[in-house]
Amino acid sequence: MKKSVVVNHLCRIEGHGGINVAIEDGKVARVEMDIFEGTRFLEALVVGRSYNEIPPILSRICAICSAVHTITSLMAVEDAFDTKISTQTELLRELLVQGGNIESHALHIFCLAVPDFLGYSGAFTLATDHPEEVKIGLGLKKLGNTVQETIGGRAVHPVNAVLGGFGKVPTKETLLRVKEELIKGLKDALVAIEFIASLEIPSFSESPTIYAALGSSAQEYSLFGDKVIFSSGDSREIKSYKELCNETVIPHSHAKHSYFKGRPFMVGALARIMLNGHKLKFEAKRTKEKLGLNSPSENILHNNTAQAIELVYSLERSIQIIDELVERGIKDEKPVKIKPKAGQGTAAVEAPRGTLYHSYTFDKEGRLTRADVITPTAQNLANIEKDFRASAERLVDEPEDSLQAKLEMVARAYDPCISCSVHLVRLTPKRTTLPLR
Amino acid sequence: MAKPKVGIFGITGCAGEQIVILNCEDQLMDILKILDIRSFHTALSENDEKCDLDIAFVEGAVVQPEEEILLKEIRKRSRLLIALGTCAVWGGVAAMKNEVSRERLKDEIYGPAGKIFESIPAQPLCSFVKVDFSISGCPIEKEQFLQAVASLVHGDIPILPKYAVCTECKTNENTCLLLEKGGLCLGPITVGGCDARCLSYSIPCSGCRGPVEEANVASEVEILKEKGFTLGDVHNQLRTFAAPAEALQTYFAKRGRE
Ligand code: SF4
Ligand code: SF4
Numbered sequence: 356m357k358k359s360v361v362v363n364h365l366c367r368i369e370g371h372g373g374i375n376v377a378i379e380d381g382k383v384a385r386v387e388m389d390i391f392e393g394t395r396f397l398e399a400l401v402v403g404r405s406y407n408e409i410p411p412i413l414s415r416i417c418a419i420c421s422a423v424h425t426i427t428s429l430m431a432v433e434d435a436f437d438t439k440i441s442t443q444t445e446l447l448r449e450l451l452v453q454g455g456n457i458e459s460h461a462l463h464i465f466c467l468a469v470p471d472f473l474g475y476s477g478a479f480t481l482a483t484d485h486p487e488e489v490k491i492g493l494g495l496k497k498l499g500n501t502v503q504e505t506i507g508g509r510a511v512h513p514v515n516a517v518l519g520g521f522g523k524v525p526t527k528e529t530l531l532r533v534k535e536e537l538i539k540g541l542k543d544a545l546v547a548i549e550f551i552a553s554l555e556i557p558s559f560s561e562s563p564t565i566y567a568a569l570g571s572s573a574q575e576y577s578l579f580g581d582k583v584i585f586s587s588g589d590s591r592e593i594k595s596y597k598e599l600c601n602e603t604v605i606p607h608s609h610a611k612h613s614y615f616k617g618r619p620f621m622v623g624a625l626a627r628i629m630l631n632g633h634k635l636k637f638e639a640k641r642t643k644e645k646l647g648l649n650s651p652s653e654n655i656l657h658n659n660t661a662q663a664i665e666l667v668y669s670l671e672r673s674i675q676i677i678d679e680l681v682e683r684g685i686k687d688e689k690p691v692k693i694k695p696k697a698g699q700g701t702a703a704v705e706a707p708r709g710t711l712y713h714s715y716t717f718d719k720e721g722r723l724t725r726a727d728v729i730t731p732t733a734q735n736l737a738n739i740e741k742d743f744r745a746s747a748e749r750l751v752d753e754p755e756d757s758l759q760a761k762l763e764m765v766a767r768a769y770d771p772c773i774s775c776s777v778h779l780v781r782l783t784p785k786r787t788t789l790p791l792r
Numbered sequence: 651m652a653k654p655k656v657g658i659f660g661i662t663g664c665a666g667e668q669i670v671i672l673n674c675e676d677q678l679m680d681i682l683k684i685l686d687i688r689s690f691h692t693a694l695s696e697n698d699e700k701c702d703l704d705i706a707f708v709e710g711a712v713v714q715p716e717e718e719i720l721l722k723e724i725r726k727r728s729r730l731l732i733a734l735g736t737c738a739v740w741g742g743v744a745a746m747k748n749e750v751s752r753e754r755l756k757d758e759i760y761g762p763a764g765k766i767f768e769s770i771p772a773q774p775l776c777s778f779v780k781v782d783f784s785i786s787g788c789p790i791e792k793e794q795f796l797q798a799v800a801s802l803v804h805g806d807i808p809i810l811p812k813y814a815v816c817t818e819c820k821t822n823e824n825t826c827l828l829l830e831k832g833g834l835c836l837g838p839i840t841v842g843g844c845d846a847r848c849l850s851y852s853i854p855c856s857g858c859r860g861p862v863e864e865a866n867v868a869s870e871v872e873i874l875k876e877k878g879f880t881l882g883d884v885h886n887q888l889r890t891f892a893a894p895a896e897a898l899q900t901y902f903a904k905r906g907r908e
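Okay, here's the thing in structure tokens:
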């Protein structure tokens, strides 16, 4: 007997992708990530461009992660030129990144994951039976955007965060207004956590996993760090990211797969909670206890749970950042002057979906000679294949449609990007036309 | 009146316009009341791939042959086709170096794996199909989208600004970054509608909305040269978001002959 599941719409890395699962005689014969993206070659197109043009162009890799792309890009350029930025700039940048995390997690949890766990086709149908939860979700999503608009000047592709600082520093009054909204948002989020705590998380996708995330010796949980740490106990310098994103070109895919010491690994909220969760404080810590992620999990479906914990963390941390900024006294600083020189710069930040790397080389005029961007989804591809295989092996006897639904859940748990994760799997033997997204 | 049947599609881009639509958190439920959204893969899990549509909103540029086919199918199904965002309207960032061979780029990035897929220079939708209306911006402005929806529901074609970002900047009484601060600002030749967003943060306009009608590119370039920018830097900036636009193509063609 033959079964095949064709996932036509897995993830947008720079385009479209899918998964193919073939089951023959009760065995999983084949699991393939199939990336048929419309590639835009942005890394190659920016070669020759002046350093200051790089961040706004490369933010266009992804809309929903545009804030963290911008910040990582700015940091990589500044790393190349040894630019030191002020503490105020660091805090404002972190606030922008936290805003992105709030927006992305709220969207994913309430519009994708929760409907999945409760068997709804999407947020709009969920809204009929659970209007309050959907309202809270949309409200939190909007709050994340408010933070991004306030600091970045635009919710998608921020314009205000530039090399050396900010075009215009937000005023104390503006920040305090945002803080009020964050305090209200935190209350709402804690209500929603009760609801999330009531969801049952299936275990069909459990499989041994190596987690990777940024880490540091700091006492606080953070989306920033100075090295990459692994659940295997290893750690690496950010600069040697090539070693851990040891990319292999895969024949069935346009994308490259990442392996660490020959094994796939997972990046994202779950990896962060597994590796750094012990550093959480306040409500985030209590949320982690409440949602049962205190002990190690090897179930990718817990990524949604981890996102819920981080949602609380990002709200609390944003409030903290604003307090810190206000306490230090907000200075109307101009961006630090950049002095270009030949060299290489690399930076990594935890994006909502996992560690994001930007690495550039410049000539002495500050023109880019090489750009390398490694997105979280690209790192997760090999691990997604692993989890698909583990799940399919446990589910070989299930009818195709339930197999399909469950595999979709696995894919969605990775949050590969909303546009592609809503309509994931189509049970057609072969892909004939390009799927829409 | 029956609700117009609508499809929201993404070709190749960053999905920015679809995200902006979803960012209309306060209006989303109302939008659903006035539009019969049949296809929107970003937000719905049940999509009708075949039905006739009154309005198709299409985001992104065409970068591979299959997408041309897809776009033509959407055109066939739909009474109105509206290009959303700079990629769809002008080609966007992916079109900045269309003269460089895609084969070479593929080889640089993917090596042998690049052989298995086809790639064409990034083109705006109007290179392949008739576009009834365009809303540019990288990404589009939420308010413009909402206004456009309101007009379309009433059977009107939306009205968008035809003036330059520069006009909006002056109305807002900003200090001119180009003339007074010597910034590489494309405000004078970029179509408005963003309320001179960047300028209100003291950031020069990088032209993300594409050229305004009758943009005087040559005179903009002259001013920038006087301000001390190299021709190379100015040309790079001009090519960033809307390289395939006629105003820029004409300018570069003339330049080439000089
Ligand atoms: S126009 Fe800009 S925001 Fe829209 S898809 Fe293209 S790159 Fe993204
Ligand atoms: S000012 Fe220029 S770059 Fe900024 S949003 Fe407006 S058109 Fe785009």
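One line per chain: the protein sequences are L and A, in this order.
At position 379 of the first sequence the residue is numbered 734 (the working numbering), and the sequence of numbers has no breaks.
At position 121 of the second sequence the residue is numbered 771 (the working numbering), and the sequence of numbers has no breaks.
Just so it is clear, CB atoms sit at the ideal spot from N, CA and C, and this is done for glycine as well.
Quantities reported herein were computed from a predicted structural model and do not represent experimental measurements.
- Each of Tyr566/L, Glu536/L and Glu575/L was checked against the Cα of Ala639/L, and the nearest Cα belongs to Glu575/L.
- With the rule of 3 Cβ pairs closer than 8 Å, the stretch 482-502 of chain L does not count as touching the stretch 697-706 of chain L.
- Less than 8 Å separates the beta-carbon of Val670/A from that of Val511/L.
- Short of 7 Å from the beta carbon of Arg618/L, and not among the five residues preceding or following it, lie these beta carbons of its own chain, in chain order: Ile565.
- Look at Ile790/A here: in three-state DSSP terms it is coil, with no helix or strand label.
- Secondary structure of Tyr596/L (DSSP, three-state): helix.
- Residue pairing by DSSP puts Ile732/A in a beta bridge opposite Phe707/A and Phe783/A.
- Contact between Glu408/L and Gly520/L fails: their C-beta atoms lie close to 17 Å from each other, not under 8 Å.
- Pairwise C-beta distances place the stretch 712-721 of chain L out of contact with the stretch 464-479 of chain L, as fewer than three of them are shorter than 8 Å.
- Residue contact with chain L for Pro894/A: absent (no Cβ-Cβ distance below 8 Å to any residue of chain L).
- Residue burial is scored here from C-beta neighbours: Asn649/L has fewer than 16 other C-beta atoms within 10 angstroms and is therefore classed as exposed.
- By the criterion of a C-beta distance shorter than 6 Å, Cys855/A is surrounded in its chain by Val815, Cys835, Leu836, Gly837, Thr840 and Cys848, once the five residues flanking it on both sides are discounted.
- Listed along chain A are Glu675, each with a C-beta nearer than 7 Å to that of Lys496/L.
- Taking a C-beta distance under 8 Å as the contact criterion, Gln453/L and Val622/L do not qualify as a contact pair.
- Proximity of Ile705/A to chain L, defined by a Cβ-Cβ separation below 8 Å, is not satisfied.
- Residues of the stretch 651-684 of chain A whose Cβ lies closer than 9 Å to any Cβ of chain L, in chain order: Gly657, Phe659, Gly660, Ile661, Thr662, Gly663, Cys664, Ala665, Gly666, Glu667, Gln668, Ile669, Val670, Leu672, Asn673, Glu675, Asp676, Leu678, Met679 and Leu682.
- The C-beta of Asn886/A comes closer than 8 Å to at least one C-beta of chain L.
- Boundaries cannot be given for Phe767/A, as no alpha helix (DSSP H) includes it and DSSP labels it neither H nor E.
- At a cut-off of 8 Å between beta carbons, Leu755/A contacts chain L.
- Remark: the shortest separation between the CB of Val815/A and any heavy atom of ligand 2 falls under 7 Å.
- Here Lys497/L is buried: its Cβ has 16 or more other Cβ atoms, across all protein chains shown, within 10 Å.
- Between the alpha carbons of Asn659/L and Cys826/A lies a distance of about 47 Å.
- Taken from the Cβ of Leu849/A, at least one heavy atom of ligand 2 lies inside 7 Å.
- When distances are taken from the beta-carbon of Cys844/A to the heavy atoms of ligand 1, even the shortest one reaches 7 Å or more.
- In this structure, the beta-carbon distance from Leu758/L to Phe743/L does not fall below 8 Å.
- Distance from the CA of Asp757/A to the CA of Ser613/L, rounded to the nearest whole angstrom, comes to 19 Å.
- Under the Cβ distance rule, His460/L does not count among the residues neighbouring chain A, no pair being separated by less than 8 Å.
- For ligand 1, a non-hydrogen atom lies closer than 7 Å to the CB of Thr736/A.
- In this structure, Leu734/A keeps its C-beta atom at 8 Å or more from the C-beta atom of Glu675/A.
- Within the same chain, and ignoring the five residues on either side of Ala478/L in sequence, the residues whose Cβ sits closer than 7 Å to its Cβ are Phe465, Cys466, Pro470 and Val489.
- In this structure, ligand 1 has a non-hydrogen atom nearer than 7 Å to the beta-carbon of Cys664/A.
- For Ser856/A, the CB falls within less than 7 Å of some heavy atom of ligand 2.
- Short of 8 Å from the beta carbon of Arg889/A, and not among the five residues preceding or following it, lie these beta carbons of its own chain, in chain order: Met746, Lys747 and Leu898.
- The C-alpha of Thr444/L lies about 28 Å from the C-alpha of Leu829/A.
- Annotation for Arg725/L: the continuous beta strand (DSSP E) segment containing it runs Leu723 to Ile729.
- Shortest gap from the CB of Val514/L to any heavy atom of ligand 2: under 7 Å.
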